[in-house]
Each structure stands twice: as C-alpha cells, then as structure tokens.
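Each protein sequence line maps, in turn, to chains A and B. For the first sequence, my numbering begins at 11 and goes up steadily by one. For the second sequence, my numbering begins at 581 and goes up steadily by one. C-beta atoms are modelled at their ideal positions from N, C-alpha and C, and glycine is treated no differently.
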Amino acid sequence: MSAVRRPAGRPRSAVLSRYPVLVALAVGALFMVLPFLIVAVNAVKSPAEYSAGGPLSLPDGLYLDGLKDFWERVDFGQKLLNSVLISGSVAVLAVVLSVLNAYAIGIGRIRGRAWVLAFFVLANTLPQEALVYPVYHLSKEAGLYDTRLSVVIVFTVIQAAFGTYLLAAVLGRFPREIVDAARIDGANAWQVLWRIVVPVSRPTLGVLLVFFFVWTWNEFLLPLVMLISNDNQTVSVALGVLQGQRLMDATMTNAAALLGVLPAIVFFLVFQRTLTRGIAVGAVK
Amino acid sequence: MLTARRRVMATAAAVLCGTLLLASCGGSDSGSSDGKTLRLWHYEGPDSAMGLAWNAAIEEFERTHPGVEVKFEEKGFEQIQKTAPMVLNSGDAPDLMEYNKGNATAGLLSKQGLLTDLSAEAAERGWDRKISASVRTTSQYDARGVMGSGKWYGIPNYAEYTMVFYNKDLFEKHGVAEPRTFGELTAAMDAFVDKGVTPLANAGAEYMAQQYLYQLALSRADRGWVDSYELYQGKSDFHDAAWTYGAETFADWVRKGYISEKSSGTKAEDAGVSFIRGESPILFSGSWWYGRFVAENKFDWGTFLWPDSAMTLGSGGNLWVVPKGAANKDLAYDFIDITMSRRIQNLLGNKGGVPVAADPAAITDPRAKGLIENFNTLAERDGLAFYPDWPVPGFYDVLVSETQKLITGDATPDAYLDAVQKAYDKGVPKT
C-alpha cells in the first residue's frame, strides 16, 4: 500500500505533511494487524485460560493442543490439499479465460463490446446466494454434485467475469503501435496475443492470479453447499465445524482461524513482489 | 534463451493445470446399498457427551455387525442447516444423520418427503415407550410438518432443559442463603444487589433474555397454555395473566438491578464466561452449558430447577433422522437401537448429557445424577415447555429485539406484549 504521496518541489510542506501521514498509516496498520494478533494470541491459549482471562489476556505459555486437535479432528492436510487444488486451478484457469475474453474485447474490439462488458459487470454484482440453487441443480444434473471440479468450474467463471472486466479496460488502452508493429511484421492474432500482449501485461496478470487465488481460498458459501463429503471440503468450510448450535470453542476456533489464514498469507508474501509491480500495463518499451 | 525459458514455464503451467483439473475430478462416493457400510453424519464435538456416547455406539455397532464399516463424518451445525434439503434430495444422502428438531427443520423436511417414516420401527423396537411425552413432541410431525402429532420422523437420544446454575462460593462469600423457593430466590437476589453484585447473568443479544421472560410466564401457566402457544391448539393471548406477569416481572427485575441494564447487547458466550469467572452468582440457562461448567468452573456450584414452577424450558434434543434416499436403512435402524440401549444412554448421562432413557441408579457422578434426576422429575410431570421462539419462523429475532427494548426501558411491558402478539399472529399458520 503506497498511500504516501510526495508533493514534488515543495520540500517544506513535504516534511510537514509526512508525519501526520506516517501516524495515520501506523494507526491504520495497527487496526489491520490487531485482529490478527488477537487470533494468534488466543490460538495458543488453553480454554481454561480463555474463560478465566477473556480474549485480551496474555497466555502463560504456549498451548498448542488447540492447533493439534483441530488439525487431527478435521484432517487438515486433506483440506489444505483441496483448497490448494481448487484455488490454484481457479486462479490459472480464470486468468487464461480472462485474457482470451479481454483480448477479444479490448484489442479485437468486437462489435457490441459495451454490451458484453455490461453483462460481465452484471455477473459480478450477482450475489452468490442467488447462485446456490441454480448451481446445485445444474451440477446434480451433470453428475458433478459433491466434486471439486464443480467448484472449480463455478469459481473460474465468477472470477473470470471480474478478470475480463478489468483486463478489457486495461487492454483497451494497450499501445496500438506495438500491436500494429507486430501485425506489419506478419504476426497473426494468436501470435500477437501470446508473443506481445501477454508478456507486456504480465504484471497485471500476476496480480489477478494472486487475487483469484486468495479470493477463492476464502470462499465459504458455495463450497459449503457444493462440497458435501468431508474428503472434498476446503479449509474455510472446515473451520465451520467448530461453530456449534449454542456453544463455541473460542480457543479452538482461533487456532483454526490461524491455520486457515496462514496459507493465504504465505502465498501473498511469496507473490508480494508481483503485486508491488503494479496493476498497470508497462509502457512502450 | 529467454523464449526457451518461457516455453518451459508455459509447458509447466499447462501440465500443472491439467493435473489439478484431473485431480479435482476425483470421485465422490455415493451410497451403495450393499449393506456393508453405514454412512453416518452428526455435528456434536468429539469431547461432548453425545460425541463420546456415539463413538462408543459406533464401536458397539461394528462389534455386533462384523464386516460392516461405519463411515462417520463430523459436520458443522451450519453446514447441515444450510444444505440438508439439497443433500437429502441428491444421491449423496447419508444413511443416518443428526438433524435439528422443530417445525422449520425436521418438520419441513418431513413435509417435503425427504425423511423416512420411523413409526413402525419405533413401535416394534420400543423406542416410543422409552421416550416420555413432552420429549416425544419433537419427534412426531403431521402432514403439515407441525410437531406434536402424526408420524415419527426422528429419534432423540438426549433431552435438554433449563435450570438455575449457582455459584455456591459466591453465595457463601456474601452470606446469602441458598434459595429453594421463589420467595427465597428473590430475597437472595436482593441480598446480592445490596452487596453491589448483579445476581443474574444475562445475554440480551441472544436467547437468554427471552428465556428468563418465558420462564417467568411459565410459572403461571399450564400444559394447555403451552400447547396453544407452541402447537397452535387454541388462540394465544399475550395479554393474559401469564404473559403479563412474565413481562412485568422481567421489567421489574431490570429496574431492581437483578438483571443489568447493560446486558441488552451481550452474547450468551459473555454471560457464560461471566459465570465461569465467578462474576455472576446465578445463571439461568440450559443443560448445554453443563459439560463446559464441569470442565472449567473453578468453584463449588450447583443446580436446581426454577423454583415454584411446574414447567420449564426444554425439549427433546436433536434427532436421528433417516433420509428417504438412504441406501442402508436397516443398518441405520440398528444403529439408532444401539444408541437407545441402556449402556449407551448411561454413558451419555455419566458424561454430562441428559439421556432420554437412562437408569438413574447407573449414573455414578453425583452432579450428573442430580442433572438427570431433575430431568426425570420434569419428564414425569410433563414439564417441558419448549422454547419461546419456536412457534413462528423469524420469531427469534423479534423476541430478541423486543426484549432488548424491555431491558433498556424503551418499551413498556404492555408495548412489548403488543409487539410480540402482532408478530405471532402474523406468522402463525392458518388452518
């Protein structure tokens, strides 16, 4: 997050304006990190400590049974594998689909592209609750109910709708001279896409890939409905096992939340450099 | 060089993508009616009384059914709530599952024809005789899906009821006598208020507040009143003596400081924790807290039924239901039969649950014995009055917000009763 803007050429006001911004950012960062810290602290607390001291007290020592019990109780390794499988497939497929769509709309400039884009925006605004029953019936008819493939297909389409919308806007402003130059050199549409457009937009595609992965990772409702067998379930659905009808196990829920969010954070950190490279397409080289 | 590297990357990505796709096709095993597997789902934690008893039941089942494998999956409560109608309507339904009792849940599924009628099995295997009258209410549903009469669609292994949990150490510390009658209870609460202690733990944002109020009304009510309110056998007038007494007394208790005015926004978890931490001397709530209090309370504590009231909140617990599409129904019936056996029922009782058909003599833990004896007392006098939010869909939220207004003083008892009457009349099924 690079919210700090330096007004060029006015050093005095720059110094003056920098500290408030720094303080504001620090406060903002604290607010972002605090919930995560509370989760982390409670994850290593014993239930008795939690009941006695409440959520804000510091634990006396590391209590890792909550993490361990949860891991074994839901067979967390299997859930991780499922989540990686689903989120990974969705991220890759959705990016490929978005590129193909956006190429046609942004650079190919097909007729009626405004309508097509409007349709994609509409698809984006559709709440997932509205999709539950249609998707359930379709997947049952197709024999895909309770398979990971059904979730992959649904989310590929959902994420690609957003990806198409975003990429079409980005590629709409793609430097024409590069495309024209390639055309003059005799490249066909396919070669322009893979040799010119994709390499130049790679930073944007990288960002999309990361976003699709993290978003799909955190999806709850559709995986909850579509993945019935415990063997097929994702991490975020597995976390729901702990929410009882009337009681909650606060420490184990925190342990589970920590386990659930860690892979997404790791993934995020690994690809962080892709993100900082920015969402805009590189200029004419 | 660069292009070569890129090509390798592209191929690698394609291969990865392909394998991911192939792997995610991987099978979902549908039920097979080979009589060799029992697919079983429930959503009780492994350390809860039910979880422990049912694990023992699974062992017993596998011992008595050699060659049959029990495929148990622990589910989340929310997942079952949200997806049960869809799962049961597909080929992936389990053979036996735990499901929430009530008109909006088991009743609805029975009306949609997604559950197996268990009446014949219940009569043949004697389950109906083991289950007492007010527990039975949530097992039977008529053609409209309304509980209380009709066919058996579910069998509960346990029951739940509300009671007064009290912290003996705090009573002693403040020199307050342990109450046995309603008069003594209010006297004890007065004594606590004098010492600057709020006597009752309450949660205005959740079920607890309305349960206090309903309990107060119940102490002036009888079975006919409950049946007309909960089972629509007659018209419910919220300005009758019982409801008026309940609302006015509740408002009065807030004014007197028995219940904190600040409790309008608290959750049940907060109230429970304030009892566990020894801040609140009294908590009136359900048997579902019992196991946690045994594990976490660091003081001497006891329970008693709400004094001078023939009835209290409670009902049969969640149900075993057999989906219509279950592949191995006979195995499912056998499993239910094992969970109703004395051995499993006694185990459930000894672990802090409230079994429906246990032998009180076989319960060794003295506190658990008290829990079950109190339940048996209630069952004998037909004293389970269900929960106030049951009759009407969406009534829970109305009761929560109206009772909150009563706590904060934004509504008079009269206005409270008017609002509740309106919501009730609107939602009650027309016959």
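query: Identity of the residues DSSP links to T992 of chain B by a beta bridge; result: Paired residue(s): none; T992 of chain B is not in a bridge.
query: Residue-chain proximity (V294 of chain A, chain B), Cβ-Cβ < 8 Å; result: Note that V294 of chain A has pLDDT 43, beneath the 50 cutoff, so the model's placement of it is unreliable and the number below is only indicative. No, no contact with chain B.
query: Limits of the beta strand (DSSP E) - the one that S160 of chain A falls within; result: It is not in any beta strand (DSSP E) - S160 of chain A instead sits in the alpha helix (DSSP H) that spans R158 to G182.
query: Ordered list of beta strand (DSSP E) runs contained in the region 696-749 of chain B, each at least 3 residues; result: 739-747
query: For E229 of chain A, the three-state DSSP class (helix, strand or coil); result: coil
query: Contact check, G905 of chain B vs L689 of chain B, beta carbons under 8 Å; result: no
query: Per-residue burial, P659 of chain B [other beta carbons within 10 Å of its own, 16 or more giving buried]; result: Inspection of the sequence shows that residue 659 of chain B is occupied by Gln rather than by Pro. Per the 10 Å Cβ criterion, buried.
query: Closer than 8 Å to chain A by CB, C605 of chain B; result: For C605 of chain B, the predicted structure reports a pLDDT of 47, less than 50, and the residue's modelled location is therefore unreliable. A value from the coordinates is still provided. Yes - at least one Cβ of chain A is within 8 Å of the one on C605 of chain B.
query: Check whether P233 of chain A and V162 of chain A have beta carbons under 8 Å apart; result: no
query: Proximal residues of chain A, C-beta to C-beta of P626 of chain B below 9 Å; result: D79 and R83
query: Touching by the beta-carbon criterion (3+ pairs, under 8 Å), the region 123-137 of chain A and the region 205-221 of chain A; result: no
query: Alpha-carbon spacing of D888 of chain B relative to G64 of chain A, whole angstroms; result: 35 Å
query: 6 Å Cβ shell around W833 of chain B - same chain, five flanking residues per side excluded; result: I839
query: DSSP state of T883 of chain B mapped onto helix, strand, coil; result: strand
query: Per-residue burial, A178 of chain A [other beta carbons within 10 Å of its own, 16 or more giving buried]; result: buried
query: Same chain, Cβ closer than 7 Å to L95 of chain A, neighbours up to 5 away in sequence not counted; result: R158
query: Option in A:T166, A:V49, A:L203 and A:D259 with minimal Cα separation from F223 of chain A; result: A:T166
query: Residue of A:V271, A:L268 and A:Q243 minimising C-alpha distance to L91 of chain A; result: A:Q243
query: Inter-stretch contact at 8 Å, needing at least 3 Cβ pairs: the region 96-106 of chain A / the region 181-189 of chain A; result: no
query: Contact set between G687 of chain B and chain A, taken where Cβ atoms lie within less than 8 Å; result: The premise fails here: G687 of chain B is roughly 17 Å from chain A at the closest Cβ pair, so nothing lies under 8 Å.
query: Nearest candidate by alpha-carbon position, reference G656 of chain B, set A:A260, A:G254 and A:R283; result: A:G254
query: Neighbour flag for E678 of chain B against chain A, beta carbons, 8 Å; result: no
query: Residues that F864 of chain B bridges to, as DSSP identifies them; result: B:V744
query: Meets three-Cβ-pair contact criterion under 8 Å: the region 643-656 of chain B and the region 854-867 of chain B; result: no
query: K1012 of chain B - partner residues in DSSP beta bridges; result: Residue 1012 of chain B falls outside the range modelled here, since chain B spans only 581 to 1011, and no answer is possible.
query: Supposed contact pair L928 of chain B and Y738 of chain B - C-beta distance, whole angstroms, cut 8 Å; result: 6 Å
query: Through-space distance from V49 of chain A to K295 of chain A, alpha-carbon basis; result: With a pLDDT of 41 at K295 of chain A, under the threshold of 50, the predicted position of this residue should be treated as unreliable, and no value is reported.
query: Enclosing alpha helix (DSSP H) for M630 of chain B [first to last residue]; result: A629 to T644
query: Contacting residues, own chain, Cβ-Cβ under 6 Å from G826 of chain B (five flanking each side not counted); result: L793, L796 and A797
query: Contacting residues, own chain, Cβ-Cβ under 6 Å from E580 of chain B (five flanking each side not counted); result: The requested residue 580 of chain B does not occur in the structure, where chain B is confined to residues 581 to 1011.
query: Beta-carbon contacts of D969 of chain B that lie in its chain and below 8 Å, excluding the five residues immediately before and after; result: Y787, Q790, F975, Y976 and L979
query: Limits of the unbroken alpha helix (DSSP H) element including G929 of chain B; result: R922 to N930
query: Interface residues of chain A facing T663 of chain B [CB-CB closer than 8 Å]; result: L234, V235 and I238
query: Residue(s) in a DSSP beta bridge with W900 of chain B; result: B:E678 and B:I735
query: Entirely enclosed beta strand (DSSP E) segments - the region 748-831 of chain B, minimum 3 residues; result: none
query: Test: G270 of chain A CB closer than 8 Å to a CB of chain B; result: no
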